[in-house]
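Taking it in order: structure first as structure tokens, then the write-up.
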Amino acid sequence: AQSVAQPEDQVNVAEGNPLTVKCTYSVSGNPYLFWYVQYPNRGLQFLLKYITGDNLVKGSYGFEAEFNKSQTSFHLKKPSALVSDSALYFCAVRDMAGANNLFFGTGTRLTVIP
Amino acid sequence: DAGVTQSPTHLIKTRGQQVTLRCSPISGHKSVSWYQQVLGQGPQFIFQYYEKEERGRGNFPDRFSARQFPNYSSELNVNALLLGDSALYLCASRGGNWGTDTQYFGPGTRLTVL
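Chain order of the listed sequences is U and W. Going by the working numbering, the first residue of the first sequence is number 1039, and it counts up by one from there. Going by the working numbering, the first residue of the second sequence is number 5, and it counts up by one from there.
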């Protein structure tokens, strides 16, 4: 069965500092991995995805993620955090066996401190 | 271009009632998926429809049903509502039915069951 884990419920970072939101995955075969962000009372906004190719994936709003097969990780990163980046972040993996739906992690709340 | 739209935005029902939620996908997208997001958790897959056919179903009881119309819009129906059905219901659309396709989410319908 496929799954992703987000080990941190909460991440705090100072504005201007680099940020990392962690995600590890468990799949059989090659994973398709996604990151989404959710602002209060809003749906999910797509940030980036890894399908194949370069391990460093660049996405929206200056975010990037590094795929690491040996560590089964797909951490989300940004070189310089903004206060407006404060939100709930979800990592997801495609269901390899079924309808191409997504399995989501439990989410990480990012707070950027001015 | 308009994104995924959902209606209504909020809904309050009492136990035992029935509810219908609606979703319009991004223009040109033929696949619609429904997810349930309970407070404090990641979204969980309910249904996927592609070209008006059910292509996948998550681990939800038969009280949950859905359909997709010729214009690719979709409805999610929940019968005999329980308190535990209170959640944010998200609709996502994508162009095709490939695992590499990105799912784009709507703002969601907040359902409260009293």
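The C-beta atom is built at its ideal place from N, Cα and C for all residues, glycine as well. Since the model is a prediction, treat every value here as computed from it, not as a measurement.
Where residue i meets chain W, residues with beta-carbon distance less than 7 Å
i          : result
U/Lys-1087 : Thr-106
U/Gly-1081 : Leu-94, Phe-109, Gly-110, Pro-111, Gly-112
U/Phe-1101 : Simply none; closest approach about 15 Å.
U/Phe-1105 : In chain order: nothing, as chain W lies at least about 15 Å away.
U/Phe-1084 : Thr-106, Tyr-108
Contact list for residue i against chain U, beta-carbon separation under 8 Å
i        : result
W/Ser-77 : Those do not exist, as W/Ser-77 stays about 17 Å from chain U at its closest Cβ, beyond 8 Å.
W/Phe-64 : The contacting residues do not exist; W/Phe-64 stays about 12 Å from chain U at best.
Burial state of residue i (16 or more Cβ within 10 Å)
i          : result
W/Pro-47   : buried
W/Val-117  : buried
U/Val-1095 : buried
W/His-14   : exposed
U/Asn-1139 : buried
W/Val-42   : exposed
Cβ separation of residue i and residue j, assumed to be a contact under 8 Å, to the nearest whole Å
i          : j          : result
U/Tyr-1059 : U/Tyr-1127 : Checking the displayed sequence, the identity of residue 1059 of chain U turns out to be Val instead of Tyr. Correct: roughly 5 Å between the Cβ atoms.
W/Ile-50   : W/Phe-68   : 6 Å
W/Gly-112  : W/Leu-92   : 4 Å
U/Val-1121 : U/Leu-1071 : About 27 Å separates the two Cβ atoms, so there is no contact after all.
Rounded separation between residue i and residue j - CA only
i          : j          : result
W/Asp-105  : W/Gly-99   : 7 Å
U/Gln-1109 : U/Gln-1083 : 26 Å
U/Ala-1043 : U/Glu-1104 : 15 Å
U/Thr-1149 : W/Ser-28   : 32 Å
W/Ser-77   : W/Arg-59   : 15 Å
W/Gly-44   : U/Thr-1144 : 8 Å
U/Glu-1053 : U/Leu-1085 : 20 Å
U/Tyr-1077 : U/Ala-1125 : 5 Å
U/Gln-1153 : U/Gly-1081 : There is simply no residue 1153 of chain U to check, as chain U begins at 1039 and stops at 1152 in what is shown.
Listed by chain order, chain W residues near residue i by CB distance under 9 Å
i          : result
U/Thr-1144 : Gly-44, Gln-45, Gly-46
Contact set between residue i and chain U, taken where Cβ atoms lie within less than 9 Å
i        : result
W/Ser-37 : Ala-1137, Asn-1138, Asn-1139, Leu-1140
W/Phe-73 : Neighbours of W/Phe-73 on chain U: none; closest Cβ ~19 Å, over 9 Å.
Identity of the residues DSSP links to residue i by a beta bridge
i          : result
U/Tyr-1074 : U/Phe-1084, U/Phe-1128
W/Gln-41   : W/Leu-92
U/Ile-1151 : U/Ala-1052
U/His-1113 : U/Glu-1104
Proximal residues of chain U, C-beta to C-beta of residue i below 7 Å
i        : result
W/Phe-68 : What W/Phe-68 touches in chain U: nothing, since even the nearest Cβ is about 14 Å away.
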